[in-house]
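For reference, the structure is listed below as structure tokens.
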Amino acid sequence: MIKLVNIDLAYNGVAVFENFSLEIKAGAKAVILGKSGLGKSSLFSLILGFTTPNNGMVFFDGSPVDKKSVWGIRKKIAYVDQDVSIADGNVSSWLDFVFHLKANGFAGFDRKKVKDFLDFFELDVNVLGKDTSELSGGEKQRLAIIVSILLERKVFFLDEVTSSLDKHLKRKVINYFIERNDWTIVAISHDPGWLDNPHVRVFDLEVGKWRQ
Amino acid sequence: METVNISIFSLVLTFLLLAVPVFLSLIFNIGLIKPLVNSVARMSIQLILIGIFLKYLFLWNNTLVNLLWLLVMILVAVFSAVRGFSMKISKVLVPVFLSFSIATFIIILYLNIVVIRLDYVFDARYLVVLGGMLLGNSLRGNIVGIAAFYKNIKKDSKKFLCVLSLGASHYEALLPYLRESVQLALKPTLASMATMGIVALPGMMTGVILGGTSPEVAIKYQIMIMIAIVTSTIASVVLTILMTMRVCFTKYGMLKTEIFVGNSSS
Chain P
65 MIKLVNIDLA YNGVAVFENF SLEIKAGAKA VILGKSGLGK SSLFSLILGF TTPNNGMVFF
125 DGSPVDKKSV WGIRKKIAYV DQDVSIADGN VSSWLDFVFH LKANGFAGFD RKKVKDFLDF
185 FELDVNVLGK DTSELSGGEK QRLAIIVSIL LERKVFFLDE VTSSLDKHLK RKVINYFIER
245 NDWTIVAISH DPGWLDNPHV RVFDLEVGKW RQ
Chain S
1244 METVNISIFS LVLTFLLLAV PVFLSLIFNI GLIKPLVNSV ARMSIQLILI GIFLKYLFLW
1304 NNTLVNLLWL LVMILVAVFS AVRGFSMKIS KVLVPVFLSF SIATFIIILY LNIVVIRLDY
1364 VFDARYLVVL GGMLLGNSLR GNIVGIAAFY KNIKKDSKKF LCVLSLGASH YEALLPYLRE
1424 SVQLALKPTL ASMATMGIVA LPGMMTGVIL GGTSPEVAIK YQIMIMIAIV TSTIASVVLT
1484 ILMTMRVCFT KYGMLKTEIF VGNSSS
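As you go down the protein sequences, you meet chains P and S in turn. The working numbering numbers the first residue of the first sequence as 65 and each following residue consecutively. The working numbering numbers the first residue of the second sequence as 1244 and each following residue consecutively.
Set out below in structure tokens:
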């Protein structure tokens, strides 16, 4: 599903990856672990084509990530970034924007579905009327998670998406993702809720190996 | 009605007015004298030269020379715009030049052929003067708009990437920024139009009225020129964005940092 082969990557002369390789199979539940600065987020950037490696190849679904394929690949990955970068303005208009993007093939967002998910992740329906800047970190994270699920994609890149949630909600989110067998999950986290889950494989970026 | 000419001696007397700012600058220690002298000197010399130049331009009124001068004006506008965008001229010269030329030229032709119905479309009086009005005014709008467009994308880089990952095409991801920057670019023009005639008498009208034309004619020209300015501003901002997009983004949709001044790393 996802394959990085002999990747060299450097920012401004500082090496992030040297001859780095990694493979994640379809349906896997992988957690990337490592100190900050080790390039956890760069992994996602490489696959999403936000960064290109100095050397090496990145594959998604068997085809190399290049300037042509990358636009299609981005549509197959539901990515929630660490800072939950959603636009300023009203939450409803943000959802409208996302679900009117041509590539997603929806004609606007399904209010009923959104409400069900808000319920499930214990968010009040009135967040829809709020401005994104009024939301707390945890509310934003849950909203972004809901959007990522509603996109109906099968691959999820989750960058520290449970960091602002309480224990109970963390478990709920983690289980929701892990229970879907056909979903490929790649999560960046140092939270025990992810790391100690029996269905999860942990890739330790510091040593460049899967944990046994 | 003849305009009262100002003799050279009288013109020198105008400079006496400068005693006021010089005096104020000395009292309050504003430090204005040097930049003031510099700017006044530049303004005077440039206008004297352009006065002489225009005199001959109008005298010859040769199509090729007129068009060539319009070209020079466009080029100067392009250079000063790109400096305002903080971009490297070598990277964006061609797209900005094309955008400015198209926006300016088509509108001038429309005015000269359809509105004013000149027998000689490339008449220096109209071509050069209208061109200068359009370029000068749309230049400000472009600097504000284009600089904001790229600055906002740079500032929002994470949000921008997020929108791309949500499945937006490059165009869809850039559209909100385009909207915002066009609105921003047009704001001063719209504001000045809305108060025109009451708060301020525009420079062109003052010039034309002092030049001996009746206010009725001056007003008609002013209305025409304002509409042309709004149109050329909006057209050139949109065109400049669309045309620079091709060179300012990678095929992956990422903003190239090396196009900006002071960013030599790739």
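The beta carbon of each residue, even a glycine, is placed where N, CA and C say it ideally should be.
Cβ-Cβ separation, residue j to residue i (assumed contact under 8 Å), whole Å
{"i": "T226 (chain P)", "j": "V237 (chain P)", "result": "5 Å"}
{"i": "V1247 (chain S)", "j": "L1261 (chain S)", "result": "About 22 Å; that fails the 8 Å criterion."}
{"i": "I71 (chain P)", "j": "L110 (chain P)", "result": "7 Å"}
{"i": "G126 (chain P)", "j": "V69 (chain P)", "result": "In fact, because the Cβ distance is near 13 Å, the residues do not count as touching under 8 Å."}
{"i": "L229 (chain P)", "j": "G202 (chain P)", "result": "5 Å"}
{"i": "V155 (chain P)", "j": "T196 (chain P)", "result": "6 Å"}
{"i": "N1304 (chain S)", "j": "A1391 (chain S)", "result": "40 Å between Cβ atoms; not a contact."}
{"i": "V1371 (chain S)", "j": "L1313 (chain S)", "result": "6 Å"}
{"i": "I1386 (chain S)", "j": "G1327 (chain S)", "result": "3 Å"}
{"i": "F185 (chain P)", "j": "R206 (chain P)", "result": "5 Å"}
Helix, strand or coil at residue i according to DSSP, with G and I counted as helix
{"i": "M121 (chain P)", "result": "strand"}
{"i": "N154 (chain P)", "result": "strand"}
{"i": "F84 (chain P)", "result": "strand"}
{"i": "D195 (chain P)", "result": "strand"}
{"i": "V32 (chain P)", "result": "In the structure as shown, chain P starts at 65 and stops at 276, and residue 32 (chain P) therefore has no counterpart that could be examined."}
{"i": "D1362 (chain S)", "result": "coil"}
{"i": "L1275 (chain S)", "result": "coil"}
{"i": "F163 (chain P)", "result": "helix"}
{"i": "V1494 (chain S)", "result": "For the record, residue 1494 (chain S) in the displayed sequence is Lys; it is not Val. Here K1494 (chain S) sits in coil by DSSP."}
{"i": "M1469 (chain S)", "result": "helix"}
{"i": "M1439 (chain S)", "result": "strand"}
{"i": "M1330 (chain S)", "result": "strand"}
Chain P contact for residue i (CB, 7 Å cutoff)
{"i": "A1434 (chain S)", "result": "no"}
{"i": "S1424 (chain S)", "result": "no"}
{"i": "C1405 (chain S)", "result": "yes"}
{"i": "A1391 (chain S)", "result": "no"}
{"i": "Y1414 (chain S)", "result": "no"}
{"i": "S1408 (chain S)", "result": "yes"}
{"i": "Y1420 (chain S)", "result": "no"}
{"i": "K1397 (chain S)", "result": "no"}
{"i": "A1411 (chain S)", "result": "yes"}
{"i": "K1402 (chain S)", "result": "yes"}
{"i": "K1494 (chain S)", "result": "yes"}
Assigned exposure category for residue i - 16 Cβ within 10 Å defines buried
{"i": "P262 (chain P)", "result": "exposed"}
{"i": "N1309 (chain S)", "result": "buried"}
{"i": "K104 (chain P)", "result": "buried"}
{"i": "A47 (chain P)", "result": "With chain P covering only 65 through 276, there is no way to say anything about residue 47 (chain P)."}
{"i": "F224 (chain P)", "result": "It is Glu, not Phe, that sits at residue 224 (chain P) in the sequence shown. That one is buried."}
{"i": "K1463 (chain S)", "result": "exposed"}
{"i": "K234 (chain P)", "result": "buried"}
{"i": "S1508 (chain S)", "result": "For S1508 (chain S), the predicted structure reports a pLDDT of 46, less than 50, and the residue's modelled location is therefore unreliable. A value from the coordinates is still provided. Per the 10 Å Cβ criterion, exposed."}
Beta carbon proximity, residue i to chain S, threshold 7 Å
{"i": "Y75 (chain P)", "result": "no"}
{"i": "S149 (chain P)", "result": "yes"}
{"i": "L165 (chain P)", "result": "yes"}
{"i": "L112 (chain P)", "result": "yes"}
{"i": "K93 (chain P)", "result": "no"}
Distance cut-off 6 Å: residue i Cβ against heavy atoms of the ligand HEM
{"i": "R1326 (chain S)", "result": "Absent from the structure shown: the ligand HEM. Ligands present: none."}
Count the CB pairs spanning the region 1404-1416 of chain S and the region 1370-1383 of chain S that are closer than 8 Å, and state whether there are at least three.
no
Does the region 1335-1342 of chain S come close enough to the region 1486-1497 of chain S to have 3 or more Cβ pairs within less than 8 Å?
In this structure the region 1335-1342 of chain S lies against the region 1486-1497 of chain S, because at least three pairs of beta carbons, one per stretch, are closer than 8 Å.
Quick check: the region 1434-1447 of chain S against the region 1392-1408 of chain S, are there 3 or more CB pairs under 8 Å?
No, the region 1434-1447 of chain S is not in contact with the region 1392-1408 of chain S.
Do three or more CB pairs link the region 77-96 of chain P to the region 265-274 of chain P at distances below 8 Å?
yes
Contact between the region 201-217 of chain P and the region 158-170 of chain P (3+ Cβ pairs under 8 Å)
yes
Is it a yes or a no for the region 1341-1351 of chain S touching the region 1470-1478 of chain S, going by three-plus beta-carbon pairs under 8 Å?
yes
Specify whether the region 252-262 of chain P and the region 88-99 of chain P touch according to this definition: at least 3 beta carbon pairs, one from each stretch, less than 8 Å apart.
yes
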